[in-house]
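Per this note's numbering, the sequence shown runs over residues 4 to 574.
Yeah, the Cβ is synthetic: ideal placement off N, Cα and C, and Gly gets one too.
Everything numeric in this text was worked out from a predicted model, so none of it was measured.
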Amino acid sequence: MVRTASRRVARHLEQRLLSAVAAATAIILLVLFYYPVATVFADAVLVDGDLTLDPLVAILTSEFYLVDIIWFTAKQAFYSTLASLALGLPAAWLFARFEFRGRETLRSLTILPFVMPSIMVAVGFVATFGRNGTLNRALSMFGLPTVELLFTLEAIIIAHAFYNAPLVARVVTAAWESVDARAVETARSLGADPRRAFRDVVLPQLLPSIGVGATLTFIFTFASFPIVLALGGFQLATIEVFIFAKVRDLAYAEAASLAVIETVISLTLTAVYLQYEATQRAAGGTANPLPRQSIVPTSWTPKSALRTLSIAGYSAVVGLVFIVPIASMLLASVTGGDGSLTLAHYAFLAERQVTGASFQVKPLPAIWNSLFFAAGTLLVAVPMGVTIAVLTTRRYRGRTLIDALAMAPFAVSGIVVGLGLLRGLVFGVDVFGTRIRVTGALAIVAAHAVGAYPFVTRNVAPLFARLDGRLVESARSLGATRSRALLDVELPLVWTGVIAGAAFAVAISIGEFDSTIILAEGSGSFTMPVAVERLLGRRLGPATAMGCVLLFVTSLSFFVVDRFGGRWGEL
Numbered sequence: 004m005v006r007t008a009s010r011r012v013a014r015h016l017e018q019r020l021l022s023a024v025a026a027a028t029a030i031i032l033l034v035l036f037y038y039p040v041a042t043v044f045a046d047a048v049l050v051d052g053d054l055t056l057d058p059l060v061a062i063l064t065s066e067f068y069l070v071d072i073i074w075f076t077a078k079q080a081f082y083s084t085l086a087s088l089a090l091g092l093p094a095a096w097l098f099a100r101f102e103f104r105g106r107e108t109l110r111s112l113t114i115l116p117f118v119m120p121s122i123m124v125a126v127g128f129v130a131t132f133g134r135n136g137t138l139n140r141a142l143s144m145f146g147l148p149t150v151e152l153l154f155t156l157e158a159i160i161i162a163h164a165f166y167n168a169p170l171v172a173r174v175v176t177a178a179w180e181s182v183d184a185r186a187v188e189t190a191r192s193l194g195a196d197p198r199r200a201f202r203d204v205v206l207p208q209l210l211p212s213i214g215v216g217a218t219l220t221f222i223f224t225f226a227s228f229p230i231v232l233a234l235g236g237f238q239l240a241t242i243e244v245f246i247f248a249k250v251r252d253l254a255y256a257e258a259a260s261l262a263v264i265e266t267v268i269s270l271t272l273t274a275v276y277l278q279y280e281a282t283q284r285a286a287g288g289t290a291n292p293l294p295r296q297s298i299v300p301t302s303w304t305p306k307s308a309l310r311t312l313s314i315a316g317y318s319a320v321v322g323l324v325f326i327v328p329i330a331s332m333l334l335a336s337v338t339g340g341d342g343s344l345t346l347a348h349y350a351f352l353a354e355r356q357v358t359g360a361s362f363q364v365k366p367l368p369a370i371w372n373s374l375f376f377a378a379g380t381l382l383v384a385v386p387m388g389v390t391i392a393v394l395t396t397r398r399y400r401g402r403t404l405i406d407a408l409a410m411a412p413f414a415v416s417g418i419v420v421g422l423g424l425l426r427g428l429v430f431g432v433d434v435f436g437t438r439i440r441v442t443g444a445l446a447i448v449a450a451h452a453v454g455a456y457p458f459v460t461r462n463v464a465p466l467f468a469r470l471d472g473r474l475v476e477s478a479r480s481l482g483a484t485r486s487r488a489l490l491d492v493e494l495p496l497v498w499t500g501v502i503a504g505a506a507f508a509v510a511i512s513i514g515e516f517d518s519t520i521i522l523a524e525g526s527g528s529f530t531m532p533v534a535v536e537r538l539l540g541r542r543l544g545p546a547t548a549m550g551c552v553l554l555f556v557t558s559l560s561f562f563v564v565d566r567f568g569g570r571w572g573e574l
């Protein structure tokens, strides 16, 4: 009798397991994201407890904020988007239309923007374009005048193109490979030449993907923080950089008002992106893609020679923008001021570890903190991401709203999340007369998990959506509960996506800078990206050495993502 009752209770709990996990995920999301962001909005419209729009009005009517901060942020994002399109679209053309050795490897590298820490990229660009950087050393060897690109808009735009051109290439390549070759053949049979067929058949199918690539790029560059901070400084401050400056000055009302304006813009653009993604998912791909050509011409004609010359020139530009900065960072970490090889910068880090004061950056605690926070992020973000993937691939009323609410963190910058956690949970909140505070490692892990779990969802959800529903029906007909069918049937079939999502979560946590710089309580909680930024402000050599350590750790995550399906739903 007791055993029967126990089985009945266990089965009842199992039936309610999925609902309980969904409820727990909603509570965690509410506490770690929506409440902190609501705190930021409240700071923007509440002064001494009274509702007012004065802080927002003051910013929106200030020439300084409108022109020097908001307009400059939009301008650099627009130029960065154009540069990313200029670099990304030729890459999409190469990937979609040509076959060559190393094609799949190069295409895999288009995932780098999602796993490479932006502060590390900034260090690479400083090592390349600085006064004594790789570019100026090369120019001086040929007797050419040096150039000063640091703390210029051009440096910011090039660095943003490094990050976002692979994203554009990834999105447009997927769309190009979905073009039905039969439609092009029909146009050619009706008398259209190749240019006319491309203009009338292919280009209309590419324009939506080009638009979404541009939209995503604008969102990311509009909310860019470490790259602008390192390459532009406070003299070229964007909204993100100015929010950080105001937080340091304890001017929370102004910081919150700027954060609200930025978040509204980002959420609006993200809604456009999500609508496009839903349309593309419903449209599906094609089983008859355009055939790819060999990149090496079978016969040399003026047209093939021009094409080969164009590809060679583009490859040179790609090498300068994508390869030289990372190579420059690696080179700068092992060379001295006179250009000779040395391990002095790594020795400096070792010496700092032994003799550094408590307030100074030490490498081992930074590495340990990064790994520790990444492990905590993994434990929170993966269950959340998988649960939301399940919820957003089921058919029920209100699923679109749930999807939008769950993916909102994708559009809210780390600075805003960090500011919200600082004001909402780190400073504390009264619950039934008890002051509850979340500080230190817990606050940082919370911020990292909020930024990471959407990537888990984006890896897992497409796999759930493609599962054959008859498998679950068969399990249910054999007596399995809905939760048991999920655990025993569905999850094993989407396991590669879960692993890829977990690798994304680890990589994003290790590279996270925006929220960490807000929430880190002294050098004891610095991570590797924060340590790189602190060292960069003083000595380039040790900063590049620390950047190489960061590169090594994040490269491991990249290989896991690439191995287990880092296509990220073809995004």
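* Should Thr-155 and Ile-391 be called a contact, given that it needs their Cβ atoms to be closer than 8 Å? -> no
* Asked: Which value, in whole angstroms, describes the spacing of the CA atoms of Met-144 and Pro-412?
  -> 48 Å
* Asked: Which one of Ala-378, Val-535, Cys-551 and Arg-438 has the shortest CA to CA distance from Ala-233?
  -> Val-535
* Through-space distance from Leu-219 to Lys-78, alpha-carbon basis -> 15 Å
* Segments of 4+ residues assigned as alpha helix (DSSP H) that fall wholly inside the segment 119-176 -> 121-132 and 137-144
* Residue of Ser-361, Tyr-276, Gly-340 and Val-129 minimising C-alpha distance to Ser-528 -> Ser-361
* Beta carbon of Tyr-68, beta carbon of Ile-160: below 8 Å? -> no
* Asked: Is Pro-39 helix, strand or coil by DSSP?
  -> helix
* **Local Cβ density within 10 Å of Ser-307, reported as buried at 16 or more and exposed below that** => exposed
* **Expected contact under 8 Å - CB spacing of Ala-95 and Thr-224 to nearest Å** => Not quite, the Cβ-Cβ distance comes to about 19 Å (not below 8 Å), so this is no contact.
* At which residues does the alpha helix (DSSP H) containing Thr-224 begin and terminate? -> 206-225
* Asked: Three-state secondary structure (DSSP) at Pro-495?
  -> helix
* **Integer Cβ distance of Val-432 from Ile-439, believed to fall under 8 Å** => 6 Å
* CB-CB under 6 Å to Ser-518, same chain, minus the five flanking residues each way: which ones, in chain order? -> Gly-417, Val-420, Gly-421 and Ala-450
* Asked: Between Asn-369 and the rest of its own chain, which residues show a CB-CB distance below 8 Å, the 5 nearest in sequence each way excluded?
  -> Note on residue identity: the sequence assigns Ala, not Asn, to residue 369. Here the set comprises Phe-529, Thr-530, Met-531, Val-533, Ala-534 and Met-549.
* Asked: What's the call for Phe-237, buried or exposed, on a 16-neighbour Cβ count within 10 Å?
  -> exposed
* Would you list the residues sitting across from Glu-102 in a DSSP beta bridge? => Ser-297
* **Of the residues Leu-170, Ala-47 and Pro-197, the one placed nearest Met-215, counting alpha carbons only** => For the record, residue 215 in the displayed sequence is Val; it is not Met. Val-215 has its Cα closest to that of Leu-170, out of Leu-170, Ala-47 and Pro-197.
* According to DSSP, is Arg-440 helix, strand or coil? -> coil
* Under the three-state reduction of DSSP, which class applies to Thr-338: helix, strand or coil? -> strand
* To do: Take every Cβ of the segment 131-144, pair it with every Cβ of the segment 105-120, and state whether three or more of those distances are shorter than 8 Å.
  => no
* When the Cα atoms are used, what is the spatial distance from Thr-76 to Arg-191? -> 45 Å
* Opening and closing residue of the alpha helix (DSSP H) in which Gly-388 lies -> 366-394
* **Proximal residues to Tyr-255 (C-beta, below 7 Å), its chain only, five neighbours per side dropped** => Asp-46 and Arg-426
* Does the beta-carbon of Gly-525 have 16 or more other beta-carbons within 10 angstroms, so that it is buried, or is it exposed? -> exposed
* Work out the CA separation of Gly-388 and Val-181 for me, nearest whole Å. => Val is not the amino acid found at residue 181; the sequence shown has Ser there. Answer to the nearest angstrom: the Cα atoms are 28 Å apart.
* Proximity winner among Phe-228, Asp-51 and Leu-206, relative to Val-124 (alpha-carbon distances) -> Phe-228
* Length of the line joining the Cα atoms of Ala-384 and Ala-26 -> 15 Å
* **Euclidean distance between Cα positions of Leu-539 and Val-364** => 11 Å
* Verify the CB distance criterion: does Ala-308 have a CB-CB separation below 8 Å to chain C? => This model lacks chain C altogether; it includes just one protein chain.
* Give the DSSP-derived three-state secondary structure of Leu-575 in the structure shown. => Since the displayed the chain opens at 4 and closes at 574, residue 575 lies outside it and no answer follows.
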